[in-house]
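Asks:
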Amino acid sequence: MADVRNGIATRAGAMILAPVGWLANLFDAPLRMLQRRTGSNGMAVFFLAPNMLVFGIFVLFPLVINILYSMTGGGALFLGDRTFVGADQYGRLFSCGSYLDPKSCTEDLFWIAVWNTLVFVVLQVAMMVAVALVTALVLNRELRARSFWRAVFFFPVLLSPVVVGLIWRWILQRQGLLNLMVFEAGGTPVNWLVERSWAFTATIMVSVWAHVGFYSLILLAGLQAIPKDLYEAAEMDGTRPLRVFWRITLPLLAPNLLVVLVLTLIRAVQIFDEVYVLTGGGPGTSTLFLTQYIYEVGFASMLRNPGLASAASILMGAVLVVLTLIQLGIARRNEQRGKMR
Amino acid sequence: MSRVAEFLFRRRGGASWHWTDVFTWFWLIGGLIVMFGPALWLVNSSFKTPAALAEFPPTVLPYVTAEAIVEGYEEPLQLFEVRNDDGSVRVLAEVRRLGTIAQMVDPANPGAIIRVNIRNRTPKRSIAFALDNYVQPFLAFDFFLYLRNSVFVTVVATLITLLTNSMAAFALSKYNFRGRSAVMMLIVATLMVPLSVILVPLYSVISAMGLFNSLWGVILPTVATPTGVFMLRQYMLTIPDELIEAARMDKASEWQIYWRIILPLTAPALAVLAIFSVVWRWNDFLWPLIVLSRKEVYTLQVGLNTYAGQLNVQWHYILAMTVVTMIPVVLVFIFLQRFITTGIAGSGLK
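Residue numbers (UniProt numbering), protein chains in the order written: chain A, 1 to 341; chain B, 1 to 350.
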């Protein structure tokens with residue numbers, strides 16, 4: 001059966017690729033001429049060029065001029081039309097009475113967004129890692145139809161953030177499914193997305209719901225790499241499950257847990273899409289997070305200020321660079337450990 | 001039924017139930033409900049008429065409620081069967097509902113308002129699927145255009161991603177040239193620069209190139225994915241160099257080596273990248289939201305968000321269009337889920 005299916009797929013692939021192959025052959029003659037000039041090793045530059053061109057124009061160049069943007073003021077879009085203001089934009093971001101009280105920053109919403117993001121990151125990352133770990137442990141047991149259950153938890157990962165936001169808006173709305181359950185249980189319906197603390201809780205829950213399958217997959221791969229004989233030995237000694245977990249599973253899973261922790265941190269700092277569709281940053285500014293702040297200051301609000309948005313994005317970028325360096329460091333260490341084993 | 005249960009719950013080794021088994025099943029069944037339930041509820045709701053959607057408590061099946069024109073009210077009113085305190089039942093029309101109290105009138109005597117607790121009434125209705133929810137957005141709104149734009153962006157961006165990433169991966173895995181490690185470092189560095197960090201300058205670059213409000217402005221910045229280059233390079237490193245040497249002996253050009261030898265051998269990795277790219281580009285939201293400001297170029301995600309953000313949300317259309325937006329991803333999920341999960345476990349990319 002699989003053979004037949006593969007055969008069909010191969011033939012279909014060949015049919016689609018036939019005209020593409022013809023087109024590719026057309027390129028051969030001019031590229032041979034190029035190769036005569038560069039030598040075969042020199043063709044590496046040709047193969048790299050398209051990708052690096054896109055990188056250069058759409059990633060590196062913007063990254064460099066971002067710094068210039070953050071030091072200019074006014075609403076003009078192009079750098080040439082903008083006036084140099086030095087560190088004023090940064091000053092504005094940080095003009096606060098007290099950094100511990102976001103409401104004391106009268107000029108701007110930046111500090112409110114920073115605090116919201118901080119609280120969100122702490123709670124969401126803790127919850128994400130915990131739920132992903134439990135799910136991975138459950139999926140790692142001797143289950144029938146494990147791939148089905150794995151798929152169950154993975155399903156929301158593929159959904160678009162807009163769809164995720166709308167699914168939950170529909171459930172959390174005043175006449176939604178959740179209130180139906182509350183009503184049936186005899187409670188008073190709550191306006192989930194209008195009450196501040198509930199709306200904030202909803203952003204955490206929904207983002208965990210949407211992404212937890214991804215992280216439990218990584219942890220599951222880590223769990224399956226733990227040698228089975230360790231567990232067999234523990235079982236022979238009659239060790240209790242909790243003790244097995246603390247003494248065998250957790251220490252051996254630690255490298256994977258660390259990867260998941262840093263990955264969730266990086267994602268949580270940038271949270272935007274689902275929350276924007278779910279709450280739009282509201283009620284008030286209670287679910288306004290950093291990326292939405294940057295988006296609104298840079299593009300959406302009436303008094304758009306690209307320089308201010310740039311300054312905020314550079315600060316966020318600095319945090320992300322630190323987190324990514326940690327991630328790469330962990331990945332390298334894990335790799336070396338894997339080699340030593 | 002009990003056979004099925006026996007099959008599902010039979011434990012290997014036949015030992016009695018341990019608390020960890022109970023917890024496992026609690027977590028799995030709970031996960032099944034929490035993960036699939038919300039999406040299923042959305043699909044279910046998308047077949048209801050606006051009147052049925054406004055109902056509280058909502059029903060599981062899509063019903064159409066009987067309505068009547070009552071003197072003194074412009075809109076037709078919904079009919080309900082109301083149970084009186086003495087147990088008798090009469091048919092009343094609802095004027096409006098405030099919380100759990102409904103204000104109703106007797107169609108025969110429209111002058112007097114009767115206050116009824118919503119627990120004491122049931123709507124008069126029959127089952128009907130509101131397929132209009134699916135048809136109208138395509139006819140009366142621009143959803144067909146949004147769908148076309150989304151398909152265009154997804155297909156073109158994926159093709160360009162596959163081509164440029166595989167070319168770069170080929171150069172980085174099979175050639176020795178000066179600055180190769182510098183290029184690798186550069187690509188690693190771009191991993192640290194998510195889109196949200198360069199929104200403003202990237203927007204000005206796109207504007208300067210005249211790509212604002214163009215689908216190409218959505219496509220181009222996304223095609224040079226560092227994860228794609230990495231994944232393909234890892235895979236190409238496993239292809240033996242002898243194949244390339246042999247081809248060079250036979251006077252194959254470097255382009256032919258790439259096209260005829262390397263690409264076919266990289267097909268499994270290309271397939272995984274293609275699946276990922278399709279899901280990424282179909283789901284993209286923030287960047288299209290910034291680049292596309294005219295309705296004619298909206299993608300599905302941006303269009304959906306715009307309609308859902310209006311003051312008077314027409315939920316019956318939004319729900320149906322959300323289902324349409326979900327379909328390609330659900331298809332990918334059903335048929336290609338295995339590739340994706342192994343891809344993630346293998347490389348940790350998303």
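Glycine included, every Cβ here is placed at the ideal spot set by N, Cα and C.
Which residue marks the beginning of the alpha helix (DSSP H) containing residue 301 (chain B), and which one marks its end?
Replies: Within the second sequence, residue 301 (chain B) is the residue found at index 301, counting from 1. Note, residue 301 (chain B): alpha helix (DSSP H), 300-308.
Asks: Taking only beta carbons into account, state which residues of the region 140-174 of chain B come closer than 7 Å to chain A, listed in chain order.
Replies: For the region 140-174 of chain B, which is checked against every Cβ of chain A, the residues closer than 7 Å are 164, 165, 167, 168, 170, 171.
Asks: Per DSSP, which one or two residues make a beta bridge with residue 80 (chain B)?
Replies: The residue you call residue 80 (chain B) lines up with position 80 of the second sequence. DSSP lists B:92, B:123 as partners of residue 80 (chain B).
Asks: Does DSSP put residue 324 (chain A) in a helix, in a strand, or in coil?
Replies: Here residue 324 (chain A) refers to the residue found at position 324 when the first sequence is read from its first residue. Helix, per DSSP.
Asks: Under the DSSP definition of a beta bridge, which residues are partnered with residue 103 (chain B)?
Replies: As a working mapping, residue 103 (chain B) is identified with position 103 in the second sequence. DSSP output for residue 103 (chain B) lists B:96, B:115 as bridge partner(s).
Asks: Any chance the region 154-168 of chain A sits against the region 275-290 of chain B, with 3 or more Cβ pairs inside 8 Å?
Replies: Yes, they touch.
Asks: Would you mind telling me which residues of chain B sit closer than 7 Å to residue 321 (chain A), beta carbon to beta carbon, in chain order?
Replies: Stepping through the first sequence from its first residue, residue 321 (chain A) is reached at position 321. Within chain B, the residues near residue 321 (chain A) are 192.
Asks: Counting only the same chain and skipping the five closest in sequence on each side, list residues whose C-beta sits under 6 Å from that of residue 114 (chain B).
Replies: Working through the second sequence from its first residue, we reach residue 114 (chain B) at position 114. Taken in chain order, the residues that qualify are 104.
Asks: What is the DSSP secondary structure of residue 84 (chain A), counted as helix, strand or coil?
Replies: Mapped onto the first sequence, residue 84 (chain A) falls at position 84. Of the three classes helix, strand and coil, the one that applies to residue 84 (chain A) here is strand, per DSSP.
Asks: Using a beta-carbon distance cut-off of less than 9 Å, what residues from the region 197-208 of chain B approach chain A?
Replies: Those would be 197, 198, 199, 200, 201, 202, 203, 204, 205, 206, 207, 208, in chain order.
Asks: Go to residue 344 (chain A), then tell me how far its alpha helix (DSSP H) extends in each direction, as first and last residue.
Replies: One cannot answer for residue 344 (chain A) here, as it falls past the ends of chain A, which runs 1 to 341.
Asks: For residue 85 (chain A), go through chain B and note every residue whose CB falls closer than 8 Å to its CB, in chain order.
Replies: Here residue 85 (chain A) is taken as the residue at index 85 of the first sequence, counted from 1. Ordered by position in chain B, no residue passes the 8 Å Cβ test against residue 85 (chain A), which lies about 15 Å from the chain.
Asks: Going straight from the alpha carbon of residue 290 (chain B) to that of residue 317 (chain A), what length do you get?
Replies: As a first step, residue 290 (chain B) is located in the second sequence; it is residue number 290 there, counting from the start. As a first step, residue 317 (chain A) is located in the first sequence; it is residue number 317 there, counting from the start. Each residue's alpha carbon lies about 19 Å from the other.
Asks: What residues from chain A crowd round residue 39 (chain B), counting only those whose CB sits closer than 8 Å?
Replies: As a first step, residue 39 (chain B) must be located in the second sequence, where it is residue number 39. In chain order: 155, 156, 159, 167.
Asks: Who are the neighbours of residue 254 (chain B) on chain A, taking C-beta pairs under 7 Å?
Replies: Residue 254 (chain B) sits at position 254 when you count from the first residue of the second sequence. Within 7 Å Cβ-Cβ: 35, 40, 43.
Asks: Can you name, in chain order, every residue of its own chain whose Cβ lies under 8 Å from the Cβ of residue 322 (chain B), other than the five neighbours on each side?
Replies: The residue labelled residue 322 (chain B) in the question sits at position 322 within the second sequence. Cβ within range, chain order: 42, 46, 304.
Asks: According to DSSP, is residue 291 (chain A) helix, strand or coil?
Replies: One-based indexing of the first sequence puts residue 291 (chain A) at position 291. Helix.
Asks: Quick check: the Cα distance between residue 101 (chain A) and residue 112 (chain A), rounded to an integer number of angstroms?
Replies: Taking the first sequence and counting its residues from 1, the one referred to as residue 101 (chain A) is at position 101. Taking the first sequence and counting its residues from 1, the one referred to as residue 112 (chain A) is at position 112. About 9 Å.
Asks: Decide if residue 267 (chain A) is buried, meaning its Cβ has at least 16 other Cβ atoms within 10 Å, or exposed.
Replies: Along the first sequence, one-based indexing puts residue 267 (chain A) at 267. Buried: at least 16 other Cβ atoms inside 10 Å.
Asks: Using Cβ-Cβ distances below 7 Å, what residues of the region 174-187 of chain A are close to chain B?
Replies: Taking 7 Å as the Cβ-Cβ cut-off against chain B, the residues of the region 174-187 of chain A that qualify are 175, 177, 180, 183.
Asks: Pick from B:181, B:234, B:156, B:97: whose alpha carbon is nearest that of residue 221 (chain B)?
Replies: For the purposes of this step, residue 221 (chain B) is identified with residue 221 of the second sequence, where counting begins at 1. The option with the nearest alpha carbon to residue 221 (chain B) is B:156.
Asks: Who are the near neighbours of residue 229 (chain B) in its chain, counting only those whose CB is closer than 8 Å to its CB and skipping five residues on each side?
Replies: For the purposes of this step, residue 229 (chain B) is identified with residue 229 of the second sequence, where counting begins at 1. The answer, listed in chain order, is 165, 168, 169, 172, 187.
Asks: Distance, Cα to Cα, residue 195 (chain B) vs residue 304 (chain A)?
Replies: Locating residue 195 (chain B) in the second sequence gives position 195, counting from the first residue. Locating residue 304 (chain A) in the first sequence gives position 304, counting from the first residue. When rounded, the distance between both Cα atoms is 19 Å.
Asks: The ligand MG heavy atoms versus the CB of residue 259 (chain A): any closer than 7 Å?
Replies: The model on display carries no ligand, and the ligand MG is accordingly not part of it.
Asks: When DSSP labels each residue in this structure, what does residue 350 (chain B) get in the three-state scheme?
Replies: Working through the second sequence from its first residue, we reach residue 350 (chain B) at position 350. Caution is warranted here: a pLDDT of 46 is assigned to residue 350 (chain B), below 50, making its placement in the model unreliable, and the coordinate value is therefore given only provisionally. Coil.
Asks: Among the residues of its own chain, which have a CB less than 8 Å from the CB of residue 1 (chain A), if the five just before and after it don't count?
Replies: Here residue 1 (chain A) corresponds to residue number 1 of the first sequence, with the count starting at 1. Its pLDDT being 45, under 50, residue 1 (chain A) is placed unreliably in this model, and the coordinates cannot settle the point.
Asks: Return the residue from the list B:84, B:242, B:68 that minimises the CA-CA distance to residue 78 (chain B).
Replies: Reading the second sequence from its first residue, position 78 is the one you call residue 78 (chain B). Nearest of B:84, B:242, B:68 to residue 78 (chain B), Cα basis: B:68.
Asks: Between residue 208 (chain B) and residue 308 (chain A), what straight-line distance do the alpha-carbon atoms span, to the nearest angstrom?
Replies: Stepping through the second sequence from its first residue, residue 208 (chain B) is reached at position 208. Stepping through the first sequence from its first residue, residue 308 (chain A) is reached at position 308. Residue 208 (chain B) and residue 308 (chain A): Cα-Cα distance of roughly 21 Å.
Asks: What number of angstroms, rounded off, separates the C-alpha of residue 39 (chain A) from the C-alpha of residue 267 (chain B)?
Replies: Numbered from 1 along the first sequence, position 39 holds the residue referred to as residue 39 (chain A). Numbered from 1 along the second sequence, position 267 holds the residue referred to as residue 267 (chain B). If I take the Cα positions, the gap works out to 27 Å.
Asks: Where does residue 72 (chain A) sit, in a helix, a strand or coil, going by DSSP?
Replies: By one-based count along the first sequence, residue 72 (chain A) stands at place 72. Reduced to three states, the DSSP call for residue 72 (chain A) is strand.
Asks: Could you check whether residue 334 (chain A) and residue 255 (chain A) sit closer than 8 Å to each other, using their CB atoms as the reference points?
Replies: Position 255 of the first sequence, counted from the first residue, corresponds to residue 255 (chain A). Position 334 of the first sequence, counted from the first residue, corresponds to residue 334 (chain A). In this structure, residue 334 (chain A) lies closer than 8 Å to residue 255 (chain A) by Cβ.
Asks: Note down, in chain order, every chain B residue with its Cβ under 7 Å from the Cβ of residue 141 (chain A).
Replies: As a first step, residue 141 (chain A) is located in the first sequence; it is residue number 141 there, counting from the start. Ordered by position in chain B, the residues that pass the 7 Å Cβ test against residue 141 (chain A) are 24.
Asks: Shorter than 8 Å from the beta carbon of residue 326 (chain B) to some beta carbon of chain A?
Replies: For the purposes of this step, residue 326 (chain B) is taken as residue 326 along the second sequence, with counting starting at 1. Chain A, which has a Cβ nearer than 8 Å to the Cβ of residue 326 (chain B), makes this yes.
Asks: Hey, residue 175 (chain A) and residue 58 (chain B) are a contact pair by Cβ (cut 8 Å); roughly how many whole angstroms apart?
Replies: Numbered from its first residue, the first sequence carries residue 175 (chain A) at position 175. Numbered from its first residue, the second sequence carries residue 58 (chain B) at position 58. With 8 Å as the limit, residue 175 (chain A) and residue 58 (chain B) qualify as a contact, their Cβ atoms being about 7 Å apart.
Asks: Say whether the region 177-184 of chain B touches the region 42-59 of chain A, bearing in mind that this needs 3 or more beta-carbon pairs closer than 8 Å, one atom from each stretch.
Replies: With a cut-off of 8 Å, the region 42-59 of chain A and the region 177-184 of chain B count as touching, because enough Cβ pairs lie within range.
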